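Residue numbers (the working numbering), protein chains in the order written: chain A, 8 to 398; chain B, 8 to 398; chain C, 346 to 733; chain D, 346 to 733. Report on the following structure.
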Amino acid sequence: MNTAATAPSSTDWNAMDNESFRAMVRAFFEAEYPSELRYPKRRLRWAEIKDWYLKLSQKGWLAPSWPTQYGGMGLSPEKLIIFIEEQERWGVGRAPDMGITMVGPLLIQYGTEEQRAYYLPKILAGEHIWCQGYSEPNSGSDLASLRTEAVLDGDDFIVNGQKIWTTLAQDATHIFLLVRTDKSAKKQEGISFLLADMQTPGIRVRPIRNIAGGEDFCEVFLENVRVPRTNIVGELNKGWTIAKALLGFERIFLGSPKQSQYALARVQEAAERLGLFDDAGFVDRYTKLALDVADLGALYGRFIEQVKRGETLGPDVSMLKIFATETYSRLADLLVDIMGANGGTPGSIELPGGPVDALTSFYNARPATIYGGSNEIQRNILASNVLKLPT
Amino acid sequence: MNTAATAPSSTDWNAMDNESFRAMVRAFFEAEYPSELRYPKRRLRWAEIKDWYLKLSQKGWLAPSWPTQYGGMGLSPEKLIIFIEEQERWGVGRAPDMGITMVGPLLIQYGTEEQRAYYLPKILAGEHIWCQGYSEPNSGSDLASLRTEAVLDGDDFIVNGQKIWTTLAQDATHIFLLVRTDKSAKKQEGISFLLADMQTPGIRVRPIRNIAGGEDFCEVFLENVRVPRTNIVGELNKGWTIAKALLGFERIFLGSPKQSQYALARVQEAAERLGLFDDAGFVDRYTKLALDVADLGALYGRFIEQVKRGETLGPDVSMLKIFATETYSRLADLLVDIMGANGGTPGSIELPGGPVDALTSFYNARPATIYGGSNEIQRNILASNVLKLPT
Amino acid sequence: MSTTTDSERAEQLSLLRESALSFASKESPLTRARALRQQLPGFDRGFWAALAEQGWTGLLVPEAQGGYAQGLTEMAEVAGALAAQVAPEPVVPVLVFAGRLLAHAGQGALANQLLADLAAGTLLPAVAWQEDLTGAKDHLEHASTRLERTAHGLQLQGHKRHVRPGAGADGFIVSAQGAEGLALVWVPADAAGLSLHSRPLADGSYAAEVELADVRVPAQNLLAEGPAAVAALTRAYDETLVLTSAELLALIRRMFAMTLEYLRSRVQFGKPIGSFQALQHRAADLLIQQELTASVLAQALALLDHPDTSATARSAMASRVKARASDAGLQVAREAVQLHGAIGVTDEYDLGLYLQRALVLSAWLGNGTQQRRRYAALTRNLTEQEHA
Amino acid sequence: MSTTTDSERAEQLSLLRESALSFASKESPLTRARALRQQLPGFDRGFWAALAEQGWTGLLVPEAQGGYAQGLTEMAEVAGALAAQVAPEPVVPVLVFAGRLLAHAGQGALANQLLADLAAGTLLPAVAWQEDLTGAKDHLEHASTRLERTAHGLQLQGHKRHVRPGAGADGFIVSAQGAEGLALVWVPADAAGLSLHSRPLADGSYAAEVELADVRVPAQNLLAEGPAAVAALTRAYDETLVLTSAELLALIRRMFAMTLEYLRSRVQFGKPIGSFQALQHRAADLLIQQELTASVLAQALALLDHPDTSATARSAMASRVKARASDAGLQVAREAVQLHGAIGVTDEYDLGLYLQRALVLSAWLGNGTQQRRRYAALTRNLTEQEHA
C-alpha cells in the first residue's frame, strides 16, 4: 500500500488492481484533503480550494482522465470511476475544474499543437483557471439560439454579447465561449468555439447573488473584445458539434446518488436528534425516500457498469439526472418539514446531539433540477430519443 | 311539512323557503327511494331504476329543471341545487337521465313546436329513454373530428358510422346524435344534431364489458339508417354550437365532492375495522386526503354559490372535475393499500365489523378521470381559457 | 344577516381591499422590503405609524379601546395586501396574535391599556408561548416556563422560542405554568432578567428566543389564568393561523402571477414557454392549489368571524386552512422557481423574496404536517365523542 | 466468478430468455389466459405438464432431486416470460415459494420426494402460512394455527388465508405453532378435516382460505421445526418476493410498451397523442419507474443468488424490490389506463389483463407500504446493532 501511495506520477495506474488503486487514492484523500472542507455545502471558491488544487497538481493527479502524454493520469474508465467514487465518499469539494474536464479534452481532441503546448501545462500548473461561456440571457434551455457574436477583423475576432450563469467566472483567468460567427446560417450552424483571456479589455464580470446568499454564478459582458483568430478551437462554424461531443460520460455524475445519500444522512441525523424514529408517520415517509435513494443507486450502478465496459452512454442517462435531483429535492422538503417551526430558519440550528441545517439542501435543490439541462429538457430527451415518441 | 310533501305538482316550488323545500324533498327521498339501491356502486340499469323513475314521473318531479309549462318543476338554480344535494345525500342512484338533462332542455331551446309536443311528454312518462351518441372510435378527446355521416336522401337522412362509449345504449329507446352533414366544411362546422329511434333498421348496439365486469357503455353501429329530416334539431350544420351550449351548469356535478366523501367514509370504515387509527403512518395519509376532500367541498361550494346567484359558470369549473376525480382516485389507492394482502380481491371482503369492498372504487376511479372531458383536456382548458397561456 | 347587509359588507370589504392594495403598493415597494432585510429589528417602526394612521392597527380592537371592532375578514384584506408586497412589519403576530390574545384574555385595566396602545400603534406586543425547537412538543394547554407568586408579585423562569417579533417588540405576553394552571403574563421588553436572542429567518426578518431568568413583574401583570388562559391562547392562536394563511395566499397569488407572466413572455425554441403543454398542465395544478387555498380561507374567515362557532370547530378549521396554505405556499414557490429556471433563484429577481417569506410563514406556528396532525386529533376526538 | 464465466452465464441466460419468451408467446397466447379466468382452479394442469417438459418445473430443484439446480436469475427469466403473457399458472407460488421452502426445510425423505415430484411437474404444492386478513399481523416467526403431537402423529387446527394456488394444489406446506416453536407440516389436499374456500382474485385466478379442523397427518410430515423452520420460511418468502417482482416487471414492460404504441398511433387533434408534451413527460416518468424496478431486480437476483449473503441483507433486499415493483406496477397500470383513455378499461382490450394481474401481484405477500415497513424494521435493527 505504502509503495503505491508514493508511486511516481508516471506510473501505469491501470496496471494496478482495482482494490490497491482504490486504497491508494483513498489514503491520499484521507491524509491530504483539508478536513474543514469535507462535504462543502456550496461550491468552494478558488481562494478556499487553491491549496488542494496545487497539491493535486504537484502529485500529478489533477487530470485523472487526460492521457499521460499530456500530463494526465491516463486512467481507464474503470479506474477513473474509482477515483471519483473515492472523492465523493470522502466529500472532496469540487475545484474549478472546467480546465480539466472541458478545455483539456477539447484541446487534446480538436486543438492545434500550439494550443495544446500553450494551455495544457498552465492548466495543470493551476495558472489558468477556466470558466464556461455557454448560456445567454435569452438562450437557456434553447442554447443553440445564442446571440453573442464574433466578427473577424484582420487577425482578431471582435466579440460582442453577454453570457450568463457562468459558474465562478469571478475566479477564472480564462473563458471558453460559444459564439455566433455566421448569422446567416441556421441555428446550430454558424456557431464557433473560442478561447479568451479574462483580462482582455471589454470583458466585465458581475457575480449574481443567489437567494441562499452565495455567488456561484456570474454574468459576463463582452464589449468589443478582441480575441486572436488563433484562439478558435476546431473549424470555424463547427462549434456546436464540438460542444455536443464534449458532453462526455461526465454527465453521468449529474445523476450520482451521492448528493441524495448525503441529504438522507442529514435527515436521519436530524430525525435521531428529534426522536422521530418512533413516529410511524415519519418513518413511512423516510423509508420511502431511503428506498428511492437506494434504488437510484442501483440504477446509477447500471450506467456505471456501462461506462466501465467502455460503452458510450446513450440519451437514457437523462433518467438518472431527473430521479437523482428530484429525490434530492424531496429529501430537502422532508428535512424542512421535520424541522417544524424552525423550517424557515437558515443556517445551523442547535439540536440536542448537534446542529442541523434545515434550508441549505432546500436551496441547493432548486438549481439542481434546473442546471445541466433542466429536468423538463431531460424529459423531452427521454420522450424523443429513448421512447421515440413523435414530435 | 306534511302539507308541502303532498303539494300538487303545479306548486310554485320557488316560493317555498329553502329549508321547507329541503325538508320536503328529503322526506320524499327517504320515504320512497328503495333502500337497497342507495349509494349504488355502479350505474343502475333501467330494469333496476324503472320503478323509481316512474314514481318521480307520477309525482311530477322527474324534470326538476324544466319549466313548469313543459311539465317540469321549474326550479330556480338555488332550489335545483337543494334538490340535487338531497339526492346525493341520500345516495339516490342516477336514472338514465339523458332525456331529462339533455334532450329536454335542447328541444325547449332549439326544437320545433312539433318536436316538443311529441317528445317531451314521452320523456316525462318514462316511455322514451335517451342515450347520447357523441364519441366515436377515432374522436374521443377531439370530439369535433367525428365522422359519422348523414346524407340527405329525399325527406330522410341516411346515417352511416359508429358511436362508442354510449352510456347504457342497451336500455335506450332513442339516441341523439352528432353527425357530419357537410364534409367540405371545417371541423366544427358541418356538424348537425339528429334524433333517432333505436328501433330504426340499421342501428345495432353492442355493450362493452369493462374490467370491473359491468356493461355501462356500448358501441352503436349505424348502417344506412333512415332518419326523417324533421328529426334534426336546430339548423343544419349548427349542431356543434348547440352541443356546446348544452354544456350547462350540470358539468359542475362532475366535480361534486360526493363521490370522494363516500370513498373517504369507506376508507374510514375499513380503517376502523382494521384498527388503523392507532397507526400514525396511516393517520397521516388519511388526514391528508380527508383535508383534500374537505377543501374540495369548499371549492365546490364557491361554484355552487355562483350558480345560485344565477351566474354562468366559466371554464374555471374544470378545476373541480380534476381535483374531485383525482382525490377520488387517491382515496381508492389508499383503500387498496390498507387492504394489504386482500388488495387484489374484488367484491366484498368480510372484516370484523362488516364487509369492505377494496376494488370497486379503484375500478370506478379509472373512467372518472377520463370521461366527461379527460383530465388532460380539462387542464388544457384551464391553461388556455383561464390562465390565458399561449398556444 | 340579511342579503342587503351581505352585499353592503361585500362592498365595504372591496373598498378596504382596494385601499389596502393601493396603500401597500405605493408605500411599500419591494425595494423597501429588500432594504430592511437582515437589519435588526427587520422592520420599520415609522411604517408602523403609517399603518396606524390608516386605522389598521385598531381594526380588530374593540371600540372601547379605541378600535374599529372589525372582523378577521377585514383584517385579512389588510394582511394580504401587505404580504403581497412582502412588507416585513409583524402585522399578524402583533395585531392578530397578541392583539386578539389581549382582547380574549380578560377585561383588566392593564389589558385594556395595552389594547388601546396597540390600537394607537404605539405599542408592539408579541406572544411568547413556544418552547420546543420544532414546535412538535408545544401544547397550548401548558408550558414549561414556571410562574411563581411572591410577596412582591410574579416571578418567571423559562426559555421561549419562535417569538415574532422579538427585537422591536415592546413587551411579551408570556405563557407560564403556575399553581392554577396555565397563566398569561405581560412582561415588558426591558424587564430585568429578560434577554433576547435574535435568530435570522429566511426572509431577512427575525424571530427571537426569549430567556426569562427570574423575571419579576407586578401581580397585576397577570392577564389570565387557568382554563380562561388556555381558551384565550387557543383562540388567538387559531385566529393567527387563519390570518397567516391569508398572508400565504397573497404570496401564492403573486408567485403564480409572476410565473404566468414569465411563461407568457419567455421565448425558447421560438415559442413562449407557456405554450409547452407540460408546463401548462403544471400551471393548471398550481391554479387548483391557489383556488383551494382561497376557498378554504374564505370558509375559515366566515367561520371564525361567526359568533356561534364552537372552539373545536374553530381549531379544526384553523389547522385545516393553515395546512393547505402552508403546503400550497411551498409547492407554488418550488414550482414557480422551476418554471422560471435559473433566474428564479437569483437574489435580484423578486420571486426569491416571496419564496423566502413563504418558507417562514409555512413553518411559523406549525407547518402542513403539524397542522394536519392537530386537525386529526381534534376531529378524531370529535368523532369519538359522537360515537360515545 | 471469472469474467469468462460471467459472459458464458450471460449467454446462457439470454438463450433461456429467448426460449422462454418464444415458448410463452407461442403456447400461451392471451386468449388462453382469458379463457381460464374465473374457471376453477384458474389454470391449466396440461399447460403445467408442458412447462415440465421444458424442464422449468425443475429449474430451481437440486440435481439430486432431478432438477437443474439453477439460480433465481434463471427462474426470473421463465417467470417473467410467462407473466408477460399473463399466463395464469402458479409458477412462482409453486416452484419458488413451495419449491424453495421444501429445499430449505430439510433433507428428509418426504421433502426429497415432494421436491422430485415437483421437479417432474406431477406435484403442485402450495405454502399456507398467512392468517391475517390484510397480512399486516402475519409474522414469519410464528403462527396461530396450532400443532399438536399425538400418539398417531400430528394434529393441526387453524385457518390459513391468501393461499396460492388453493384449488388445484396437491397439498400444502402449513406453518403452525408447536411445542418447539414454528413448524412446517406437509398436508395433502385430500386430508380429512381440510377444507378449501376459493376466493376469486381480480385477475380471474383464485386464492384460497384453508380451514384445518383437526387435520391429522403422520409424524413424518413434519418438514422442519423451530429456528430452522423460521429460517426456511423466511428465505423462501424472500425469494418469492423477488420472483414476484420479476413478474411485476414483466407486466410493467408490457403495459408500458402497449402505452407507447398507443401514444404513437392514436391520432387526436390531427396529431399522434404521443406528441403532446404533457403525455411525453408522464411517459418519461413511467420509463424511470420501469428502469428503477429493473435495476433493483437485477441487484436483488444477484444478491439472493450469492451464497455469502446474510439473511438480513436478503430480507431487506427482497422487501425493497417488492416495494418498488408493487408501487411501480400500480403506477404504470393506472397511468397506462389514463393515457389510453376509455379503451383502457374495456375487458376486450388486453391492458386490463395486465392491470388486474398487477393488482393481484402487488398485493400478494405484502404491498409497497407493507414491504417498506418490513424494510424499515430490518434496516433499523441493523443500524441499531451497528451502533451498539
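Idealized CB from N, CA, C, for every residue including glycine. These numbers come from a predicted model, not from an experiment.
Listed in chain order, the non-local C-beta contacts of A:Thr332 below 6 Å within the same chain comprise Ala375 and Thr376, local neighbours out to five positions each way being set aside. Annotated three-state conformation of B:Tyr335 is helix, per DSSP. Chain C has a Cβ within less than 7 Å of the Cβ of D:His626. By the 16-neighbour rule on beta-carbons within 10 angstroms, B:Glu134 is exposed. B:Ile171 and B:Arg50 have their C-alpha atoms spaced approximately 17 Å apart. Contact residues of the region 282-313 of chain A toward chain B are Asp286, Ala287, Gly288, Phe289, Val290, Asp291 and Arg292 (C-beta to C-beta distance below 9 Å). With contact defined as three or more Cβ pairs closer than 8 Å, the region 503-519 of chain C and the region 553-560 of chain C are in contact. As the crow flies, the alpha-carbon of A:Gly351 is around 6 Å from that of C:Leu546. If you ignore the 5 residues before and after A:Leu202, its C-beta comes within less than 7 Å of the C-beta of His181, Phe183, Asn238 and Val240, all in its own chain and listed in chain order. Bounds of the beta strand (DSSP E) holding A:Phe183 are His181 to Arg187.
Rounded to whole angstroms, the Cβ separation of A:Ile198 and A:Leu113 is 14 Å, and the two are not in contact under 8 Å. If you keep only unbroken beta strand (DSSP E) runs of at least 3 residues inside the region 51-106 of chain B, you get nothing at all. With a threshold of 16 other beta carbon atoms within 10 Å, A:Val158 falls short and is exposed. Looking at the DSSP output, C:Pro533 bridges to C:Gly516. DSSP links B:Ser142 through a beta bridge to no other residue. Contact between the region 148-158 of chain B and the region 206-218 of chain B is not established, with fewer than three Cβ pairs separated by less than 8 Å. With distances taken between CA atoms, D:Leu593 lies nearest to D:Leu698 out of D:Ala395, D:Val612, D:Leu698 and D:Arg609. A straight-line Cα-Cα distance of about 10 Å links D:Ala380 and D:Pro433.
Taking the Cβ atoms as the reference, C:Val530 lies roughly 6 Å from C:Leu499, within the contact range of under 8 Å. Boundaries of the alpha helix (DSSP H) harbouring D:Gln625: Gln622 to Asp650, taken from the DSSP string. The criterion of a C-beta distance shorter than 7 Å is satisfied by B:Pro84 and B:Lys315. Annotation: A:Arg233 has no Cβ neighbours in chain D at a cutoff of 9 Å; minimum Cβ distance is about 43 Å. Residue range Pro572 to Ser610 is occupied by the alpha helix (DSSP H) that includes D:Glu592. If you ignore the 5 residues before and after C:Trp393, its C-beta comes within less than 8 Å of the C-beta of Thr402, Glu434, Gly466 and Leu469, all in its own chain and listed in chain order. Listed in chain order, the beta strand (DSSP E) runs fully inside the region 425-508 of chain C are 470-473, 491-495 and 498-508, counting runs of at least 3 residues. In the DSSP assignment, the residues bridged to D:Tyr551 are D:Pro545. Not a single C-beta of chain D is nearer than 7 Å to the C-beta of C:Gln634. Nearest to A:Leu298 by C-alpha distance, out of D:Thr714, D:Leu541, D:Leu446 and D:Asp548, is D:Thr714. For B:Glu37, the enclosing alpha helix (DSSP H) stretches over residues Asn25 to Glu39.
Taking C-beta atoms as the reference points, D:Met420 and D:Leu396 fail to come closer than 7 Å.
Taking a beta-carbon distance threshold of 7 Å, B:Asp364 does not count as an interface residue toward chain D. Neighbours of B:Thr188 across chain C, judged by C-beta separation under 7 Å, do not exist; the nearest C-beta is about 32 Å away. With respect to A:Thr334, A:Ser267 sits close: the two C-beta atoms are nearer than 7 Å. With 16 or more other CB atoms across the displayed protein chains lying within 10 angstroms of its CB, C:Gln475 is buried.
Identification of chain A residues near C:Gly697 by a Cβ-Cβ cut-off of 9 Å yields Asn217 and Ile218, ordered along the chain.
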